[in-house]
Each structure stands twice: as structure tokens, then as C-alpha cells.
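Mapping the sequence shown onto the working numbering, position 104 (from 1) lands on 1287, and the numbers just tick up by one. To start, the structure under review is shown below, and the notes come after it.
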Amino acid sequence: MQGKIIKLLYNAQDYVSGQQMSDSLGVSRQAINKAVKSLKEKGFKIRSVTRKGYLLEKFPAVLCEEAVKCYLNTKFIGRNLKVLDTVDSTNDYLKKLAEDGAEAGIVVLAREQTAGKGRLGREWVSTKDNGIALSLLLRPELAPGEISSITPLSGLAMCRAINDFCMLDSRIKWPNDIIVGKKKLVGILTEMAAEADRVKYTVTGIGINVKQSVFPDDISHKATSIMLETGRHIDQNKFVAIILNYLEQELVLNHYSLGGQAAADYQKLCATIGRQVTFSRGKRNISGMAVSVNNSGELDVMLSNGTIATVNSGDVTVQGIY
Ligand code: BTN
């Protein structure tokens, strides 16, 4: 009901009387008053004027379910959305919900993570309200070997959201980082649970640096934030909705597969292609020129002897980036 009230006020862009609200939502005036009070406590600025009604003046500065939903155009992604104050890891939290039968499309956001995880067992730091930690549950009807497109398609969606909403020129550092210039802005971690021939679910976790104005010395040469790149504070709720809109578009319209136009778009946005890269095979480090990303999301690297090596996981160092 709080979500419906906010939508009503947002769409009206003017005063809406308590009577009008109670008529269109089919609840009492008292229930409306109570819900408006709760919304104010969540950070919405709602003016109440006798004989005029309510006017929505401002959205909360912090992440808030009703605010995100106001801008959401999706069919299923984020329709069920939870915002947590603090959690160990949104990915771990969502995996538990998935095991308990949660439906595809549910999104968990946290204002702080105490044990955020990155790829390859690394840590992802999410201090209070500085960044966005978002996890999305999917249940694609795929075999375990077919989910490798989820991270690249999510990367594509992230670039589109950042470039549209923040007016930046972000690019993808294969396989799971979004960079601006030579620095990392976003990290993506997709985890899955599967049986031998069927994916039970995937959880895609996205960590975005938003408000940081400085980073610790050891990462300041390779990390950046939206604040550092634009000099502006963004409306995090609107940004999250735009991200979810693009995620649904890229994942669902492309049937969870990086082919056709999505593959071409990915190549254009991939900063790794055309650069010298170094990757490891067993104990050896191998270098070559990244030439393309194939339809399974793997990186094709041309070696000095002219052969192509296909890299599908692990760590890749890209010359000129980090
Ligand atoms: C990486 O860069 O290695 C991936 C970082 C992924 C971080 C996000 S934040 C939301 C979700 N919850 C986690 O614990 N990790 C992902």
C-alpha cells in the first residue's frame, strides 16, 4: 500500500486529497494517514495541507523499495525487492532465499555489507551508503554449461545504465568489471546452484562504487566511484531502477545468451579487446592480444605464434588498465 501511495503522488505531480487516495486504494483515511507517516519515516518528504491533501516533494536519499519501484518498468525483475540496512553478503542472503523457493526476479539490496565477496575469493568492501550492493535471482531453463552469458549480459546492462544515467563512458573489462578510464567502478559476481543437467538458480551480485571521494592507498590507483567521475550525487533509487530495467532487457530479450546484436554490442563496449593481456594456464603466465569475446562469453587471445587461446576464467591482466 505504501508503494501505491507513492506511485499515486508521483504520477499526480500535485496535491492529492486524502479522500481521493482512500477512494482509489479502497482503504480508510486513517490507513492513508498511517501509511504516509511511515513513508515520511523512510525519508520521503510529503507535505500535508488541510483541504488540499498530500504533495510528494522529495524522495529519500538512501535506498528505499517504494522509491525504486516508482521508476521500475520491468515485468519481473525487481517486482519483489528487499532493501536491507546491513547484511553479510547480498549474494549469500539471496542464495538462502533461493534454497527456500524464492521466485526468479527477486532483488536484494543492502546499504552495507559486512562480508561482501568478489571473484576468486576476494573481498568486496561496501561501507554504509557509499555504494550499491545488489543481487538478482534468476532461474533460467539452461544447462550448467550455458550460463556463462549471464555475467557479460549483466555487464552490458550495467554499461548502458551508467552511460545513460550518469553520462559516463564506461566500458567492460572482461569478464566482470566495469571501468571508467583505467579504473574499476563496478564488479559483478555470478554464482549458481545446479544439478547435473539443469541450473537450479543463479545469483548475480553487482557492487557499484557510488559516493566514495577517496579510496584506501592500496586501491586508489585502480578504483573509482560515480562521485569521483561526475562530481555529483546521484539519485540512487532511480539509478537502481534503471539498472534493473536494463538487466531485464539484456537478459530476457537475449534469452540469457550472448549472441547476435548483444555479442556485437559487447565487443564494442569491451575495453579488453585490442589490448595485450596476460593470463595463467596452470603455473605458466601466457601473453597475447585479446581479439574477441565469443558467444559463450570467453575471451579469444591471439598468441605470438598466431594460434588462438580461449580463456574462460581466472585472472587476466590487461596492459594499460590494471
Ligand atoms: C568482483 O569484482 O570480483 C565482484 C564483486 C561483486 C560484489 C557484489 S556486491 C553485491 C554482491 N554481494 C556480494 O557479496 N558480492 C556481490
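All C-beta atoms in this analysis are idealised placements derived from N, C-alpha and C, irrespective of residue type, glycine included.
Decide if A1447 is buried, meaning its Cβ has at least 16 other Cβ atoms within 10 Å, or exposed.
A1447 should be labelled exposed.
Heavy atom of ligand 1 less than 8 Å from the Cβ of A1316, yes or no?
Within the cutoff, so yes.
Expressed to the nearest angstrom, what Euclidean distance is found between the alpha-carbon atoms of K1421 and N1437?
The C-alpha of K1421 lies about 24 Å from the C-alpha of N1437.
Would you check if the stretch 1235-1251 and the stretch 1190-1201 touch, i.e. whether three or more CB-CB distances between them fall below 8 Å?
With a cut-off of 8 Å, the stretch 1235-1251 and the stretch 1190-1201 count as touching, because enough Cβ pairs lie within range.
Burial state of T1387 (16 or more Cβ within 10 Å):
Counting Cβ neighbours within 10 Å, T1387 comes out buried, since at least 16 surround it.
For L1372: DSSP bridge partner residues:
According to DSSP, L1372 bridges with G1388.
Look at the alpha carbon of A1214 and the alpha carbon of L1208, and state the distance between them as a whole number of angstroms.
Straight across, the Cα-Cα distance linking A1214 with L1208 is about 10 Å.
At 3 residues or longer, and completely inside the stretch 1413-1494: list those beta strand (DSSP E) runs for me, N to C.
Taken in chain order, the complete beta strand (DSSP E) segments of 3 residues or longer contained in the stretch 1413-1494 are 1459-1464, 1467-1476, 1482-1485 and 1491-1494.
Would you give the residue range spanned by the beta strand (DSSP E) that D1360 belongs to?
In the DSSP assignment, D1360 falls within the unbroken beta strand (DSSP E) covering D1360 to V1363.
Sequence ranges, beta strand (DSSP E) only - wholly within the stretch 1203-1286, length at least 3:
Entirely contained in the stretch 1203-1286, the beta strand (DSSP E) runs reaching 3 residues are, in chain order, 1228-1232, 1236-1241 and 1264-1267.
At a cut-off of 8 Å, would you count T1500 as near ligand 1, judging by its Cβ distance to the nearest heavy atom?
For ligand 1, not one heavy atom lies less than 8 Å from the Cβ of T1500.
For V1423 and L1222, what's the separation of their Cα atoms in angstroms?
Each residue's Cα considered, the two are about 19 Å apart.
Nearest to L1434 (by Cα), restricted to the options L1321, Q1502 and S1496:
For the options L1321, Q1502 and S1496, the alpha carbon positioned closest to that of L1434 is the one of L1321.
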